[in-house]
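Sequential numbering from 1 applies to the sequence shown in the UniProt record's numbering. All C-beta atoms in this analysis are idealised placements derived from N, C-alpha and C, irrespective of residue type, glycine included. What follows is a single structure, written as structure tokens, with notes after it.
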Amino acid sequence: MANVQEDKDFHGRWPDRTLQPCLKDYKALLESYQNWSAARFVTADIDELVHHRATFFDQLISQLWQQFQLENEPASILAVGGYGRETLHPGSDIDLLILVGSENAEAEAKLSEKLGQFVTFLWDLHLDIGHSVRTIEDCFAQSENDITIATNLIESRYLSGAESLYNEFHQQLLNDFPWSSRDFYQAKLDEQKQRHQQYHSTSYNLEPNIKSSPGGLRDIQTVGWIAKRHFRTHSDENLVEYGYMTADEFVELRDCMNWLWRIRFALHLEAGKREDRLLFDFQPGVAVRLGYGNDGKASVETMMKDYFKVVLRVSELNQMLLQFFHQAILGTQDLQHAEHISDDFAVANKLLTARHDNVFDNHCNIIRAFVCIAEHPQIQGIHSNTIRLLRNARAQLGEPLSHDPECRDLFNQLIQHPRGCGLPFALMHHHSVLASYLSQWQQIVGQMQFDLFHAYTVDEHTFRLVRNLYRFSDEDYQDQFPLCEKLVAQMDRRYCLYLAGIFHDIAKGRGGDHSELGEMDARNFCHQHGYSEDDAELVAWLVRHHLTMSVTAQKRDIHDPEVIQDFANQVSTLERLDYLYCLTVADIRATNQSLWNNWKATLLEELYNATSYLLQQDTNKPTLDIRQRINENKASAMALLLSAGFEKAEIQALWGRFTADYFFRHTAEQISWHSQHILNLPSEQLPLILIGDENNYGTTELFIYHHEEGHLFASVAGVLDSQQLNILDAQILATRDGFVMDTFVVLQRDGKPLTEHHRIEEVKQQLLDVLHKRIPVPSTKRPLSRRMKNFSVATEVTFIPSKHHGRTTFELVTLDRPGLIAKLAAILQQQNVILLAAKITTIGEQAEDLFIVTTEQQTALSDKQKKTLKAKIIKDLEF
Numbered sequence: 001m002a003n004v005q006e007d008k009d010f011h012g013r014w015p016d017r018t019l020q021p022c023l024k025d026y027k028a029l030l031e032s033y034q035n036w037s038a039a040r041f042v043t044a045d046i047d048e049l050v051h052h053r054a055t056f057f058d059q060l061i062s063q064l065w066q067q068f069q070l071e072n073e074p075a076s077i078l079a080v081g082g083y084g085r086e087t088l089h090p091g092s093d094i095d096l097l098i099l100v101g102s103e104n105a106e107a108e109a110k111l112s113e114k115l116g117q118f119v120t121f122l123w124d125l126h127l128d129i130g131h132s133v134r135t136i137e138d139c140f141a142q143s144e145n146d147i148t149i150a151t152n153l154i155e156s157r158y159l160s161g162a163e164s165l166y167n168e169f170h171q172q173l174l175n176d177f178p179w180s181s182r183d184f185y186q187a188k189l190d191e192q193k194q195r196h197q198q199y200h201s202t203s204y205n206l207e208p209n210i211k212s213s214p215g216g217l218r219d220i221q222t223v224g225w226i227a228k229r230h231f232r233t234h235s236d237e238n239l240v241e242y243g244y245m246t247a248d249e250f251v252e253l254r255d256c257m258n259w260l261w262r263i264r265f266a267l268h269l270e271a272g273k274r275e276d277r278l279l280f281d282f283q284p285g286v287a288v289r290l291g292y293g294n295d296g297k298a299s300v301e302t303m304m305k306d307y308f309k310v311v312l313r314v315s316e317l318n319q320m321l322l323q324f325f326h327q328a329i330l331g332t333q334d335l336q337h338a339e340h341i342s343d344d345f346a347v348a349n350k351l352l353t354a355r356h357d358n359v360f361d362n363h364c365n366i367i368r369a370f371v372c373i374a375e376h377p378q379i380q381g382i383h384s385n386t387i388r389l390l391r392n393a394r395a396q397l398g399e400p401l402s403h404d405p406e407c408r409d410l411f412n413q414l415i416q417h418p419r420g421c422g423l424p425f426a427l428m429h430h431h432s433v434l435a436s437y438l439s440q441w442q443q444i445v446g447q448m449q450f451d452l453f454h455a456y457t458v459d460e461h462t463f464r465l466v467r468n469l470y471r472f473s474d475e476d477y478q479d480q481f482p483l484c485e486k487l488v489a490q491m492d493r494r495y496c497l498y499l500a501g502i503f504h505d506i507a508k509g510r511g512g513d514h515s516e517l518g519e520m521d522a523r524n525f526c527h528q529h530g531y532s533e534d535d536a537e538l539v540a541w542l543v544r545h546h547l548t549m550s551v552t553a554q555k556r557d558i559h560d561p562e563v564i565q566d567f568a569n570q571v572s573t574l575e576r577l578d579y580l581y582c583l584t585v586a587d588i589r590a591t592n593q594s595l596w597n598n599w600k601a602t603l604l605e606e607l608y609n610a611t612s613y614l615l616q617q618d619t620n621k622p623t624l625d626i627r628q629r630i631n632e633n634k635a636s637a638m639a640l641l642l643s644a645g646f647e648k649a650e651i652q653a654l655w656g657r658f659t660a661d662y663f664f665r666h667t668a669e670q671i672s673w674h675s676q677h678i679l680n681l682p683s684e685q686l687p688l689i690l691i692g693d694e695n696n697y698g699t700t701e702l703f704i705y706h707h708e709e710g711h712l713f714a715s716v717a718g719v720l721d722s723q724q725l726n727i728l729d730a731q732i733l734a735t736r737d738g739f740v741m742d743t744f745v746v747l748q749r750d751g752k753p754l755t756e757h758h759r760i761e762e763v764k765q766q767l768l769d770v771l772h773k774r775i776p777v778p779s780t781k782r783p784l785s786r787r788m789k790n791f792s793v794a795t796e797v798t799f800i801p802s803k804h805h806g807r808t809t810f811e812l813v814t815l816d817r818p819g820l821i822a823k824l825a826a827i828l829q830q831q832n833v834i835l836l837a838a839k840i841t842t843i844g845e846q847a848e849d850l851f852i853v854t855t856e857q858q859t860a861l862s863d864k865q866k867k868t869l870k871a872k873i874i875k876d877l878e879f
């Protein structure tokens, strides 16, 4: 690299090194360089750019070292970290190690003062300096117990100062480094595992950390660090000479690193600071800087698809190379005692290994390898030599493996094997074999969805779904999902469930309805692979309807017999219901880490139980179920109340005021809870406010019993919003004699129930104050969160036909935002519309809420009223 001052492209004016350093001049130089490097980013090779930046700061720091008269002091300055590797990005830390010798107290004080002035000047330049001042003895003493310090020493690089001091340090580094190869390797491996766990051990997070996520720059650097320690090399290229990496692998790893460098450089420019998280805020701007265009979501999704493909390659190379190091450093490379399991494969050290280098010349052996893993439970992974052979074979495939009848037979064996969708399926996903087998899978690899709902790419989500399905029958995960485990154990076509999982989202990103397109793909696959027409029909139906149960449970009133009847008509058989329930649970849990909770589990199980009962009865008489449920709830609640000391007569007198709908929509535990407190409450102490979790749903139930008054919901919604509580469900019921019994299911903003006593009392008191009109309904205004600001959702109001007289149902789709339900409640109040029930569903950035309303005269809304209400909601929520 040429001297920066002589670089023909950069024309910044360097301060005179013979004068005292001037802060203003150096700031001007830095600004000039920042502008130059940002402009060069468009056309320059990223490798040149990051090294040029390091060279620029080499010269700047060396010149300042001289200007602060440190060149003749017993001290030298070294670059460490990424700077030590001669690479810097616009927001990178400039990590420095200042070595000092042992001098008398007066000399040390003088040196300390100069160093303080030097470092302060760097800070005044607003450089992100990370520095330490140590003697050689300190360096090695502190590195003994700190792998980070030890790693920094390995990649240290001389900049300026006393060369004799640096030479002494470097010699000790070569001869007396405190970490053995074995210990250093194990420490870096443990460090990588811990880092990966922070990102849920997946490369596919939609806001990835370019540096630290699995498959990121740290994984490449880990390979380099271990190589530097063990082979005493400062170049990854030497690994080719030592036979641990092929020339093609070296080029691939270097290409991946350059790609990640480029996106990181663009990210720093876009953020205007050090930022390694590719947040939604920055993704559109980074896409533009990288030349993906300015098409919003389309540009971002194309860029991210390329990103995910790169990190997948890095992850595989990292795993393979670290395993090679493991064999070299820990001495586990002896394959002579391998257990032969076929003519082509053996098991060595619990790893599947190829018995000869031509094993994948028969490309069917690619699939056969994973069948072997399923058939031999002692296998825990794939040997690095075999991974290399597999990678080479993959690259030479001319068509999808599924075009070969023998491969299809092997794939069927795998899917139908009891362990096939466990470790073998995970390894097929990790090593891109699923993409080599199915052309449709290749299309979803790295396919992101620019929203807050899906935490993973489509292929990673699908893999996690299949893993969830497998765990329903895995002894290591028993008793987590009892109903799913029971149903899966009874299935005689479990492979159909796995196939439905594989195909449920396989058509995403193609345009059109992915459920319909996926249904066709699934049906074609089943026919191509020789499955019966019954199997094909079941798989295709599950793919087509994989969202139906989730939508019904979360966005419809599942206490409404009409809803249950409609859902039962769609499902039509108990077998389909069983398969769909398991697929739905696995799907929701695979979407993101926080989506699944006890409330969703309860909704799905209630829908399953109600539908299962109906499908076993005469579906033309669903009211039989209503009467039975009411009678069962009453009988159980009566037993609870009698055991608590209440008289049957007073209980019956109270219940005589309640409608049948109340007993149908509440459990026996809830009825008993409400009744006990109402019976014990003097009328002058209304309203009655109860807060608890009587059903153990993992949510908080708020129950209010009060004199009937207009628009109680609006007041309660305002209070709950001000208390940072989210409403999930609301039931507004009236007694026969002018009282209301409103039940709200709520969670705190972090998704946890309200359990702290002081918080419960705080909510109760504010509700009492508002309902007694001692204070006005709180109105809170909070800005959209950082992530929400990147999304827009058009507000839509859709009225849903219903056979029920006296009520109107509508669905609201809009951007989720602080205070949304409170604002909607205020709109209903202004329009003189009474809320009867609400189901609140948040899907990422999008609110999809269901409301059941009536007029003050308890009639359904007229067409004119619907039109007015719709216009008002859209107007108030859009602006």
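Looking at Leu423, Asn598, Arg313, Ile444, the one whose alpha-carbon comes closest to that of asparagine 392 is Arg313.
For glutamine 731, the enclosing beta strand (DSSP E) covers residues 725-734. For the pair phenylalanine 56 and alanine 395, the Cα-to-Cα distance works out to about 40 Å. DSSP places tyrosine 705 in the uninterrupted beta strand (DSSP E) bounded by 700-707. Of the residues Gln378, His559, Lys297, the one whose Cα lies closest to the Cα of leucine 607 is His559. Apart from sequence neighbours up to five positions away, the residues of its chain that approach phenylalanine 265 with a beta-carbon distance below 8 Å are Phe41, Ile46, Leu49, Val50, His89, Pro90, ordered along the chain. Between glutamate 516 and serine 802, the alpha-carbon positions lie close to 26 Å from each other. Nearest Cα to glutamine 723 within the set Ala610, Pro753, Arg388: Pro753. Burial is judged here by how many other beta carbons sit within 10 angstroms of a residue's own beta carbon; cysteine 526 has at least 16 and is buried. Fewer than three beta-carbon pairs drawn from the stretch 101-121 and the stretch 148-160 are found closer than 8 Å, and the two stretches are therefore not classed as touching. When the beta-carbon positions are compared, phenylalanine 664 and isoleucine 626 come within less than 8 Å of each other. Taking C-beta atoms as the reference points, valine 797 and isoleucine 732 fail to come closer than 8 Å. Here leucine 538 is not near glycine 501, since their CB atoms are 8 Å or more apart.
By the Cβ neighbour-count rule, aspartate 255 is exposed, with fewer than 16 other Cβ atoms within 10 Å of its own. One alpha carbon belongs to glycine 224, the other to glycine 446, and they sit about 26 Å apart.
Inclusion of alanine 825 and alanine 714 in the CB contact set at 8 Å is warranted, their separation being smaller than that value. Considered as a whole, the stretch 125-174 harbours 136-143, 147-154 as its complete alpha helix (DSSP H) runs of no fewer than 4 residues, in chain order. Two segments are said to touch when three or more pairs of C-beta atoms, one from each, lie closer than 8 Å; by this definition the stretch 431-438 does not touch the stretch 469-479.
Rounded to the nearest whole angstrom, the C-alpha separation of arginine 13 and arginine 277 is 34 Å. Per DSSP, the unbroken beta strand (DSSP E) holding glycine 692 starts and ends at 688-692. Below 8 Å, too few C-beta pairs join the stretch 576-590 and the stretch 629-637 to call them touching: fewer than three.
At a cut-off of 4 residues, the continuous stretches assigned as alpha helix (DSSP H) that sit fully inside the stretch 599-675 are 623-643, 648-655, 660-665. The C-beta separation of tyrosine 166 from leucine 78 comes to about 7 Å, placing the pair in contact by the 8 Å criterion. For isoleucine 367, the uninterrupted alpha helix (DSSP H) segment begins and ends at 364-375. Spatial neighbours of glycine 381 in its own chain (CB-CB distance under 6 Å, excluding positions within 5 residues in sequence) are listed in chain order as Leu351.
Sequence-distant Cβ neighbours of isoleucine 387 in its own chain, meaning closer than 6 Å and more than five residues away, are Met320.
For methionine 741, the enclosing beta strand (DSSP E) stretches over residues 739-748.
If you draw a straight line from the Cα of proline 818 to the Cα of threonine 591, it comes to about 23 Å. When C-alpha distances from glycine 656 are compared across Pro424, Asp505, Asp737, the shortest belongs to Asp737.
Serine 76 sits in a strand when the DSSP states are folded into three classes. A straight-line Cα-Cα distance of about 38 Å links glycine 398 and histidine 234. Take the alpha-carbon of aspartate 25 and the one of proline 15: they are about 6 Å apart. Contact between isoleucine 821 and isoleucine 840 holds, since their C-beta atoms are separated by about 6 Å, short of 8 Å. Beta-bridge annotation (DSSP): glutamine 846 is paired with Leu815, Ile843.
The C-alpha of tryptophan 65 lies about 17 Å from the C-alpha of leucine 30.
When C-beta atoms of the stretch 179-186 are compared with those of the stretch 283-295, fewer than three pairs fall below 8 Å, so the two segments do not count as touching.
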